[in-house]
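Just so you know, the sequence shown maps onto residues 23 to 168 in this note's numbering. Think of the CB as a built atom: it goes at the ideal place given N, C-alpha and C, for glycine as much as any other residue. Since this is a predicted model, take the numbers as computed values, not measurements. In what follows, a single structure is set out as structure tokens and then discussed.
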Amino acid sequence: MMAGSIFIDTNILVYANNALSPLCDASRRKLNELAVNYKNLWLSRQVLREFASVVSREMVIAKQPDFENLERVIRQFESDFLIAEDAAIVTDLWLQLLKETQSAGKQVHDTNIVATMLVNNIDTLLTHNVSDFNRFSHLITVLPLV
């Protein structure tokens with residue numbers, strides 16, 4: 023078993039749960055590989071909300087709403103992954119990192135992921151959006167999906 027903890031970014035879960043995504047197989051393979059080699063795979067409540075946002079939007083556009091299935095998938099995530107809670111200490115670090123990195127707009131969500139990781143001693147992030155986290159390379163290791 024390898025040491026360390028890995029935080030899973032929302033995009034990985036979205037791809038892994040969409041059979042039509044060109045990154046579905048790569049995401050599933052990587053998640054399976056990490057599940058074998060790491061004992062601590064993490065999400066946060068923010069990631070669960072972001073996943074629900076993306077998937078529910080796709081369901082409505084496709085005119086195939088299935089909120090019961092969405093709930094089942096999210097509950098399964100809660101069972102399969104450790105969940106990093108978003109406490110006041112995360113907010114304090116998030117605000118500090120916002121200032122230090124001058125993060126703005128959509129970047130504030132990425133900054134919150136990093137703050138959550140640091141508070142929970144999670145050192146590595148799996149994401150397809152590597153460039154979104156370049157500003158944090160001195161704080162975390164970014165593991166690209168492909």
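Simplified DSSP state of residue i, which is helix, strand or coil
| i | result |
| --- | --- |
| V168 | coil |
| N59 | helix |
Bridge partners - residue i, DSSP secondary structure assignment
| i | result |
| --- | --- |
| F158 | DSSP, once it has assigned bridges, lists no residue as partnering F158. |
| S153 | Note: S153 sits in no beta bridge, so no partner. |
| L172 | In the structure displayed, the chain extends from 23 to 168; residue 172 sits before or after that span and is not available. |
| L65 | I105 |
Cβ-Cβ separation, residue j to residue i (assumed contact under 8 Å), whole Å
| i | j | result |
| --- | --- | --- |
| N143 | S27 | 7 Å |
| A137 | L115 | 4 Å |
| L146 | T163 | In the sequence on display, residue 146 carries Thr and not Leu. With a Cβ gap of about 5 Å, T146 and T163 count as contacting. |
Straight-line gap, residue i to residue j (C-alpha atoms, nearest Å)
| i | j | result |
| --- | --- | --- |
| I30 | K121 | 24 Å |
| N91 | Q118 | 38 Å |
| Y37 | K52 | 11 Å |
| V152 | A110 | 27 Å |
| M24 | K128 | With a pLDDT of 45 at M24, under the threshold of 50, the modelled position of this residue cannot be trusted; read the value that follows with caution. So the alpha carbons of these two residues sit roughly 33 Å apart. |
| S78 | Q86 | 9 Å |
| V141 | D108 | 9 Å |
| V76 | L56 | 24 Å |
| V112 | A106 | 10 Å |
| N59 | N33 | 21 Å |
| E100 | Q124 | 32 Å |
| L104 | L63 | 6 Å |
Inset, instruction - Let me know the alpha helix (DSSP H) ranges lying completely inside the segment 76-138, each 4 residues or longer, listed in chain order. - result: 89-102 and 110-123
Inset, instruction - Could I get the ranges of all uninterrupted alpha helix (DSSP H) runs contained in the segment 23-53, with 4 residues as the minimum, in chain order? - result: 32-38
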